[in-house]
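Participant:
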Amino acid sequence: MLISFTLAGAPSIMTHRKTLKNLTQFFGDGGNMPTSAQWRALLELPEEGPLAAVNFVKLRPQAVYASGENEPSRTGLEALMLYSEGSLPRVNAMGGSFLLQGLHQGAIIGAPTDLDLVIVGNFPSAQAYVSLFLDPDYRAAFMHRRAAVESWKAVLSTGVVG
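For what it's worth, this note's numbering labels the leading residue of the sequence shown as 199, then goes sequentially.
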């Protein structure tokens with residue numbers, strides 16, 4: 199399910215508003231997810247061309263599920279693995295893949311970092327990346343990510359990957 203873009207390569211204003219509202223209602227506004235302004239910037243990226251997402255993840259020692267989710271006690275890593283099981287097929291369905299999913303080994307330039315994982319995802323377009331966040335099956339797995347993660351930062355890059 200890819201979101202529709204106009205022929206000019208940018209989503210229509212109405213599509214922007216509806217999609218932005220949908221994203222912020224489900225994922226929230228900020229925290230370990232994009233702010234409204236960041237979602238908006240993503241929606242305004244050109245339709246064509248690859249997009250890489252470099253993710254920096256700090257896990258909770260114990261997963262923290264929202265009330266009503268009725269999940270057994272598990273570590274943050276175990277919860278993230280459940281998220282991965284549910285989200286990876288959806289990433290693939292959107293044409294995405296992971297170039298790297300690795301343990302953080304420390305900063306070699308700049309200030310020290312306190313992270314657990316570095317994940318580099320590749321998508322055929324910003325459209326495909328946004329469509330992932332709108333996918334119902336991806337959203338079903340997302341509760342495990344929310345429970346697993348203490349902090350999640352991501353940066354995007356457009357251009358040729360590989």
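Idealized CB from N, CA, C, for every residue including glycine.
None of these values were measured; they are calculated from a predicted model.
Measure the C-alpha to C-alpha separation of glutamate 283 and leucine 257 and round it to an integer number of angstroms.
Facilitator: 17 Å
Participant: Span of the alpha helix (DSSP H) holding leucine 286?
Facilitator: Where leucine 286 is concerned, the enclosing alpha helix (DSSP H) stretches over 274-291.
Participant: Going by C-alpha distance, which of Arg238, Leu243, Val347 and Leu298 is nearest histidine 214?
Facilitator: Residue nearest to histidine 214 within the set Arg238, Leu243, Val347 and Leu298 is Arg238 (criterion: CA-CA distance).
Participant: By the DSSP assignment, the alpha helix (DSSP H) with valine 328 in it spans what residues?
Facilitator: Note, valine 328: alpha helix (DSSP H), 324-332.
Participant: Throw me the rounded Cβ distance for the leucine 298 and valine 318 pair, which I believe falls under 8 Å.
Facilitator: 4 Å
Participant: Based on the DSSP output, what are the partners of valine 347 in its beta bridges?
Facilitator: Leu257
Participant: For the stretch 343-358 against the stretch 248-264, are there 3 or more C-beta pairs whose distance is under 8 Å?
Facilitator: Output reads yes: the stretch 248-264 touches the stretch 343-358.
Participant: Under 8 Å, do tyrosine 281 and alanine 339 count as touching if we go by C-beta distance?
Facilitator: Yes, the Cβ-Cβ distance between tyrosine 281 and alanine 339 is below 8 Å.
Participant: Is it true that the stretch 308-323 meets the stretch 288-298, where meeting means three or more beta-carbon pairs spaced less than 8 Å apart?
Facilitator: Contact holds: three or more Cβ-Cβ distances are below 8 Å.
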